[in-house]
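S.K.:
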Amino acid sequence: WGQRSTDIARAFDRVEVLPRIRPEHPQEAAAISALLRLAFGGPDEARLVEMLRDQDDLTLSFVAEAGGSIIGHVALSPLQADGPALALAPVAVHPAAQGRGIGDALVRAALDAVPGHTVVVLGDPAYYSRFGFQPADLASPYAGPHLMALGPALPKDSAITHAPAFAAL
Numbered sequence: 273w274g275q276r277s278t279d280i281a282r283a284f285d286r287v288e289v290l291p292r293i294r295p296e297h298p299q300e301a302a303a304i305s306a307l308l309r310l311a312f313g314g315p316d317e318a319r320l321v322e323m324l325r326d327q328d329d330l331t332l333s334f335v336a337e338a339g340g341s342i343i344g345h346v347a348l349s350p351l352q353a354d355g356p357a358l359a360l361a362p363v364a365v366h367p368a369a370q371g372r373g374i375g376d377a378l379v380r381a382a383l384d385a386v387p388g389h390t391v392v393v394l395g396d397p398a399y400y401s402r403f404g405f406q407p408a409d410l411a412s413p414y415a416g417p418h419l420m421a422l423g424p425a426l427p428k429d430s431a432i433t434h435a436p437a438f439a440a441l
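So in the working numbering, the last spot in the sequence shown is 441, and the numbers never skip.
1) Just the C-alpha distance for G314 and L320, rounded to the nearest angstrom, thanks.
2) So R309 is in the alpha helix (DSSP H); what residue range does that whole segment cover?
3) How about F403 and L422: do their beta carbons lie closer than 8 Å?
4) What does G344 pair with, by DSSP beta-bridge criteria?
5) Exposed or buried, what is P291 when buried is set at 16 or more other beta-carbons lying within 10 Å of its beta-carbon?
6) If you draw a straight line from the alpha carbon of L332 to that of G355, how long is it in whole angstroms?
7) Closer than 7 Å: is that where the CB of P367 sits relative to any heavy atom of the ligand NAD?
8) Per DSSP, T453 is paired with what?
9) Beta-carbon within less than 7 Å of I342's beta-carbon, same chain only, minus the 5 sequence neighbours each way: which residues are those?
10) Please report the straight-line C-alpha distance between A431 and G395, rounded to a whole angstrom.
11) Note down the Cα distance separating P350 from A357, rounded to an integer number of angstroms.
12) Is the separation between the beta-carbon of A440 and that of D329 shorter than 8 Å?
13) From P387 to F312, what does the alpha carbon distance come to, in whole angstroms?
14) Hey, could you find the ends of the beta strand (DSSP E) A464 is sitting in?
15) Would you check if the distance between the CB atom of V363 and the CB atom of V391 is smaller than 8 Å?
16) Could you give the DSSP three-state label for L324: helix, strand or coil?
17) Got a sec, what are the start and stop residues for the beta strand (DSSP E) A421 sits in?
18) With respect to the beta strand (DSSP E) encompassing P295, which residues constitute its N-terminal and C-terminal limits?
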């Protein structure tokens, strides 16, 4: 066999696995929770997504999957507002995969999936401004410089209310 197999070529090239963004599958809830705990260094964001899912307030849940592993996640949940609006939170990428554009791709995929909606985020202005988010003058317990919105403008000082899971944390 050894003499007859000398023409078998072996490829030892390293192949880069590209992540794929897609909706979560129901059986991936535990993997998403584990990712969120790891990415944020604690249980709060995992509990938030679990409560949103349990209360039927998880409007959109996308994962970034590479090689069969969940390496990123983004969620959108409903907002009570003067117009169609959603909250973007949380966005997470596995620490070993951060800095490779996966978070950006997740945010863009979430935004592309909800045209015509205002999307509100509570986050770092330096990060979220790259997507077009602007400071939002909205009545919210989260009002301040980190509350930003993108999409059709909600009336200035209008009230927004996040899903009940946010207040439970």
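In this text, a Cβ means the ideal position worked out from N, Cα and C, and glycines have one as well.
M.R.: Taking the coordinates as given:
1) 12 Å
2) 301–312
3) Against a cut-off of 8 Å, the Cβ pair of L422 and F403 comes out as a contact.
4) A336, V365
5) buried
6) L332 and G355: Cα-Cα distance of roughly 18 Å.
7) Only the bare structure without any ligand can be found here, which leaves the ligand NAD out of the picture.
8) Lying outside 273 to 441, the shown extent of the chain, residue 453 is not represented and no answer is given.
9) Within the same chain, Cβ atoms closer than 7 Å to the Cβ of I342 are found at E300, A303, I304, L307, V335, the five residues on either side in sequence being excluded.
10) 19 Å
11) In a straight line, the C-alpha of P350 is about 6 Å away from that of A357.
12) No; because the gap between Cβ atoms is not below 8 Å, this pair is not in contact.
13) 28 Å
14) Since the first residue shown for the chain is 273 and the last is 441, residue 464 is missing from the structure and cannot be characterised.
15) no
16) helix
17) Unbroken beta strand (DSSP E) run through A421: 419–422.
18) 292–295
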